Amino acid sequence: MMFRIAPTMDSFLIEGGTRLCGEVQISGSKNAVLPIMAATLLTAETCVIRHVPDLSDVRFMCRILTSLGAQVEFDGSTLTVCAAKITGTGDYDLIRKMRGSICILGPLLARLRTASVSLPGGCVIGTRPIDLHLKGLRSLGTEIHVEGGYVKAHAPELNGAHVFLGGRAGPTVLGTANILMAAALADGITVLESAACEPEIIDLADFLNAMGARIQGAGSPTITITGVRELHGVEHEVIPDRIEAGTFAVAAAASGGQVTLRGARPDHLGAVLDKLQEAGARIDRRGGALTVSAGSFLRPVDITTMPYSGFPTDMQAQLMALMCLAPGTSIITERIFESRFMHASELMRLGADIGIEGPSAIVKGGKPLSGAEVMASDLRASAALVIAGIAASGKTQVHRVYHLDRGYERMEVKLEKLGARIQRVPGE
Ligand code: UD1
Numbered sequence: 003m004m005f006r007i008a009p010t011m012d013s014f015l016i017e018g019g020t021r022l023c024g025e026v027q028i029s030g031s032k033n034a035v036l037p038i039m040a041a042t043l044l045t046a047e048t049c050v051i052r053h054v055p056d057l058s059d060v061r062f063m064c065r066i067l068t069s070l071g072a073q074v075e076f077d078g079s080t081l082t083v084c085a086a087k088i089t090g091t092g093d094y095d096l097i098r099k100m101r102g103s104i105c106i107l108g109p110l111l112a113r114l115r116t117a118s119v120s121l122p123g124g125c126v127i128g129t130r131p132i133d134l135h136l137k138g139l140r141s142l143g144t145e146i147h148v149e150g151g152y153v154k155a156h157a158p159e160l161n162g163a164h165v166f167l168g169g170r171a172g173p174t175v176l177g178t179a180n181i182l183m184a185a186a187l188a189d190g191i192t193v194l195e196s197a198a199c200e201p202e203i204i205d206l207a208d209f210l211n212a213m214g215a216r217i218q219g220a221g222s223p224t225i226t227i228t229g230v231r232e233l234h235g236v237e238h239e240v241i242p243d244r245i246e247a248g249t250f251a252v253a254a255a256a257s258g259g260q261v262t263l264r265g266a267r268p269d270h271l272g273a274v275l276d277k278l279q280e281a282g283a284r285i286d287r288r289g290g291a292l293t294v295s296a297g298s299f300l301r302p303v304d305i306t307t308m309p310y311s312g313f314p315t316d317m318q319a320q321l322m323a324l325m326c327l328a329p330g331t332s333i334i335t336e337r338i339f340e341s342r343f344m345h346a347s348e349l350m351r352l353g354a355d356i357g358i359e360g361p362s363a364i365v366k367g368g369k370p371l372s373g374a375e376v377m378a379s380d381l382r383a384s385a386a387l388v389i390a391g392i393a394a395s396g397k398t399q400v401h402r403v404y405h406l407d408r409g410y411e412r413m414e415v416k417l418e419k420l421g422a423r424i425q426r427v428p429g430e
C-alpha cells in the first residue's frame, strides 16, 4: 500500500472575530499511536489498531514500517500491520526526518537483536538528544555505536536490568517507550526508575500487555517489566489526543465561545483545565461530556511546563496565544525544550506584546490583535497562530501548515464546523 503524504506548502486563511460554538470529535492520540505502531514490530502476527488519526506523521510511520518489510494497511482510521518478515535496517532518510521514529530502535532490537537506525534530526524546538534511550538499551546489554549518522545496535542477549531514566529535564517519553519495548522480550526482570508517566506510556503498556507482555506500574515513575519469550497479535483502540482536546479547549476560551469536546478524557487534561479555569474559562464535565466556555473575563496566569501530570510543553504555545488576550502580565516558563518560543515573534506580528527572558516569556496581554501574515515554525506553534488568528480582527494567513498536518487531523474542517471562517489555500 502506498502512503501518500500531501506535499504541501498550503496555508490557512482565517477571517478572525468569530466565536467557536458546538461540538468537536477528538481524534486518536498521535503520541500514543506512534510508539504503538513501532510495537507492532515485536510480533510476526497481525495487529489491528483502531481510532488512529489520519496525520502525516502516522503516514510517515506507515512508510517506515513498510520500508522495514512490514505489510501495512491504513484506511484513515483502522491500521493493520503484519511484521512477519522484517529487516533491522530502516530507510535512512525516512527515519532521519521524523523524530518519533526513534522508537523503532527498541522493538527492532528485541525482535532481531540487531538494528541500524539513522539518528533523528534536530528540530526547531531544541537539540533533542537520545542519550537516555541509548543508556537504557545499553543497560539491557546492547552494544551501541553511533557512526555515519546511524545508531548501530547489537544485542546477542537482552537481559533485564535496573535502569534509571531521569535526565536533565526529567523523564523521557519516547526513551521510556523504547526501553519498555526492548525489555518486554528480554530475559528476566527490568525495573525502570524515573520513567515517564504520560498517558501515552500507559496506552503503550496496555497494548504490550494485550500482546502478552508482563508490565506493571505504567503511569507511575517505577515500571517493572518481566520479559517473555514472544508476543502475539492484538486489537487495540488508541486513547484520545489530549493535546488536540486541549487545543480546542483553549480555542473555545480565546474566541469567547463554547465547545464540547466529544471523546476527550478529562482525567488526562488536569493541568490544562486547571489553568483554563484560573484564566476565567468555565469547565463543565456533566453527563460524561467535557464542555469549555469562555467566562465573562480573561485573567493572566503563570505557567511552567513540566513532565506529566504537570502542564504539558505541547500546550505552551496555545496558552501563550490565550494569554495575549488576557489583560495583565503572565509569565510562561518552558522547562522541557530550550528553544520552544518560536511562536512568540509570530504572535507579535498580530500585535502581541511578548518579551523573552531566558526560559521565560513575559506576556503583556490585552492589547487588540489584528490579522497578519505569519509563518508556522513547528506543530504546536502553528496551533497557537491559528487560535490567535481566530481571536484577532481581520485576516490572518498562516503559512506552512504542513507542520500542523503532522499532528492535527483535518483541523480546518473541525474549526469550520465550530463556526470559524477558515480555509485551506493550496500552496505551489
Ligand atoms: C515526546 C512527545 C512530544 C513532547 C515530549 C515532551 C512523541 C512522539 N513526542 O517527545 O510531543 O513534546 O515528549 O512531553 O511522543 N532528553 C534527553 N535525552 C534523551 C531524551 C530526551 O536529554 O535521550 C530531554 C529532551 O531534550 C527534553 C526532555 O528530555 O528536554 C523530554 O524529552 P522527551 O520526553 O524525550 O521527548 P520525546 O519523547 O522526544
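Its first residue numbered 3, the sequence shown is counted upward by one per residue in our numbering.
Idealized CB from N, CA, C, for every residue including glycine.
It should be emphasised that the depicted structure is a prediction, and the values quoted were computed from it without experimental measurement.
Expected contact under 8 Å - CB spacing of residue i and residue j to nearest Å
i           : j           : result
residue 139 : residue 155 : 6 Å
residue 254 : residue 295 : 7 Å
residue 419 : residue 24  : 6 Å
residue 331 : residue 365 : 7 Å
residue 207 : residue 217 : 5 Å
residue 14  : residue 426 : 6 Å
residue 314 : residue 273 : 7 Å
residue 385 : residue 403 : About 10 Å separates the two Cβ atoms, so there is no contact after all.
residue 252 : residue 389 : 6 Å
residue 349 : residue 256 : So it is not a contact: roughly 12 Å between Cβ atoms.
residue 265 : residue 88  : Actually they are not in contact, since the Cβ atoms of residue 265 and residue 88 sit about 33 Å apart, beyond 8 Å.
residue 104 : residue 131 : In fact, because the Cβ distance is near 11 Å, the residues do not count as touching under 8 Å.
Within 8 Å, strictly: CB atoms of residue i and residue j
i           : j           : result
residue 393 : residue 18  : yes
residue 38  : residue 66  : no
residue 43  : residue 85  : yes
residue 21  : residue 258 : yes
residue 414 : residue 57  : no
residue 50  : residue 91  : no
residue 336 : residue 303 : no
residue 318 : residue 248 : no
residue 165 : residue 416 : no
residue 328 : residue 367 : yes
residue 36  : residue 102 : yes
residue 147 : residue 177 : no
residue 291 : residue 322 : no
residue 353 : residue 369 : yes
residue 380 : residue 344 : yes
residue 409 : residue 32  : yes
residue 12  : residue 428 : yes
residue 175 : residue 153 : no
residue 10  : residue 407 : yes
residue 189 : residue 229 : yes
residue 1   : residue 171 : Because the chain spans 3 through 430 in this model, residue 1 falls outside it and cannot be assessed.
residue 431 : residue 16  : Here the chain has residues from 3 to 430 only, and residue 431 is not among them.
Own chain partners of residue i with C-beta closer than 6 Å, once the 5 adjacent residues on each side are dropped
i           : result
residue 293 : 262, 286
residue 115 : 157
residue 282 : 297, 299, 300, 301
residue 82  : 50, 75
residue 52  : 80, 239
residue 203 : 178, 220
residue 93  : 69
residue 169 : 134
residue 34  : 202, 205, 240, 241
residue 63  : 36, 39
residue 5   : 61, 64, 65
Own chain partners of residue i with C-beta closer than 7 Å, once the 5 adjacent residues on each side are dropped
i           : result
residue 184 : 108, 111, 112, 139, 142, 160
residue 212 : 236, 238
residue 372 : 352, 353, 394, 395, 396
residue 226 : 191, 193, 218, 219
residue 374 : 351, 352, 398
Nonlocal neighbours in the same chain, by C-beta distance under 8 Å from residue i, ignoring five residues either side
i           : result
residue 223 : 173, 195, 196, 197, 199
residue 267 : 201, 241, 242, 244, 247
residue 210 : 41, 44, 182, 183, 186, 217, 233
residue 421 : 20, 21, 22, 23, 24, 259
Closer than 7 Å: residue i CB and nearest ligand 3 heavy atom
i           : result
residue 131 : With respect to ligand 3, the structure offers nothing, as its ligand set consists of ligand 1.
Practice item. Could you tell me whether the region 64 to 74 touches the region 236 to 244, using the rule of 3 or more Cβ pairs below 8 Å? Key: no
Point to revise | Uninterrupted beta strand (DSSP E) stretches inside the region 258 to 311 (no shorter than 3 residues) | key: 260 to 264, 284 to 286, 292 to 295
Check your understanding: At what residue ranges does the region 355 to 394 contain a whole run of the beta strand (DSSP E), taking only runs of 3 or more?
Key -> 355 to 359, 362 to 367, 375 to 377
Exercise for review: Scan the region 143 to 226 and note each continuous beta strand (DSSP E) run of 3 residues or more that stays entirely inside, going in chain order.
Suggested key: 145 to 149, 152 to 156, 164 to 166, 191 to 195, 216 to 218
Exercise for review: Quick one: which unbroken alpha helix (DSSP H) runs of 4-plus residues sit fully inside the region 314 to 344? Chain order, please.
Suggested key: 318 to 325
Check your understanding: Where are the beta strand (DSSP E) runs, 3 residues long or more, that stay fully inside the region 31 to 93, in chain order?
Key -> 48 to 52, 73 to 76, 81 to 84
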